[in-house]
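Taking it in order: structure first as structure tokens, then the write-up.
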Amino acid sequence: MTTPYVSDGLIRSLESQYRPIQNPTGDVIIMLGGGATGDTPDIDGIGHLSGSAANRLLTAARLQKRLNVPVIVSGGKVFEDTGTEALIAQRMLLSLGIPQDKIIIEDQSLNTTQNALYVKQIIEQRHYEQPILVTSAFHMPRSVINFHKVGLAVEPYPADYKVNANSSASLFKFLPSDGAIYNTCTALREYLGMIALEFLH
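So the sequence shown is numbered by my numbering: it starts at 1 and just counts up by one.
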């Protein structure tokens with residue numbers, strides 16, 4: 001479990017469930033948060049998105065420029081010492097040239113279940129019909145389940161891949177590493193979350 005040989009397979013089993021479509025169509029993009037610092041200095045403000053959340057933001061920004069549709073950034077202040085994810089994402093999107101009127105903020109959700117609930121309210125209020133969901137590839141299966149459970153169909157557009165789509169064998173795959181431990185824990189958390197959704201809700 002501490003080697004890439006195992007951890008890559010676990011992450012790949014999640015990341016391979018959805019693939020970005022080549023020519024996406026939709027009338028709104030949903031970007032899920034994934035962690036943020038609250039007091040770290042940035043180019044044009046304070047606070048950073050985590051690595052996964054930043055990768056999601058880059059994909060959402062590029063999709064917005066291609067499709068010219070609004071982006072809903074969803075994520076609140078999960079812990080007392082973290083940043084409000086949606087507000088930091090909004091600042092970064094503005095810095096990347098996304099117009100203010102194309103950014104919609106949902107800054108109350110604290111987990112993926114709340115992401116789905118609160119975003120659905122925005123979708124219904126604004127009468128969007130074809131939402132595109134952007135989140136990390138490993139997080140997409142659980143996210144889709146959450147959105148389906150609140151009755152919202154989404155077009156998955158995964159980002160932030162952690163491993164190659166195809167596996168390869170080498171000696172280094174069998175050596176323990178910090179990255180492998182992280183990926184194993186990430187994959188197990190996602191699978192446990194999906195089991196909980198199946199049996200507890």
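The beta carbon of each residue, even a glycine, is placed where N, CA and C say it ideally should be.
Taking 8 Å as the cut-off, the Cβ atoms of Val69 and Asp101 do not count as close. Across the structure, Gly75 and Asn166 are spaced so that their CA atoms are roughly 32 Å apart.
Around Glu85, the same chain offers Gly33, Ala36, Gly75 as residues with beta carbons nearer than 6 Å, after the five sequence neighbours per side are excluded. With a cut-off of 8 Å on Cβ pairs, the stretch 143 to 153 is not in contact with the stretch 39 to 54, counting fewer than three such pairs. By the Cβ neighbour-count rule, Phe172 is exposed, with fewer than 16 other Cβ atoms within 10 Å of its own. For Ile21, the three-state secondary structure derived from DSSP is coil. For the 8 Å CB-CB criterion, Ala137 and Ala159 form a contact. In the three-state reduction of the DSSP assignment, Leu110 falls in the coil class, being assigned neither a helical nor a strand state. Spanning the alpha carbons of Pro156 and Leu87 requires a straight line of approximately 23 Å.
For Tyr157, the enclosing beta strand (DSSP E) has its first and last residue at 155 to 159.
By the C-beta density criterion, Tyr118 is buried, having at least 16 other C-beta atoms within 10 angstroms. Exclusion of the five residues before and after Tyr5 leaves Lys173, Phe174 as the residues of its chain whose Cβ lies within less than 7 Å of its Cβ.
Within 10 angstroms of the beta-carbon of Asp8 lie 16 or more other beta-carbons, which makes it buried.
Closest in alpha carbon position to Gly83, among Arg62, Thr40, Leu96, is Thr40.
In the structure shown, Ser16 falls within a coil segment according to DSSP collapsed to helix, strand and coil.
DSSP places Thr40 outside any alpha helix (DSSP H); the residue lies instead in the beta strand (DSSP E), whose first and last residues are 36 to 42.
Close CB contacts of Val78 within its chain, under the 6 Å cut and outside five residues either way in sequence, are with Leu110 (chain order).
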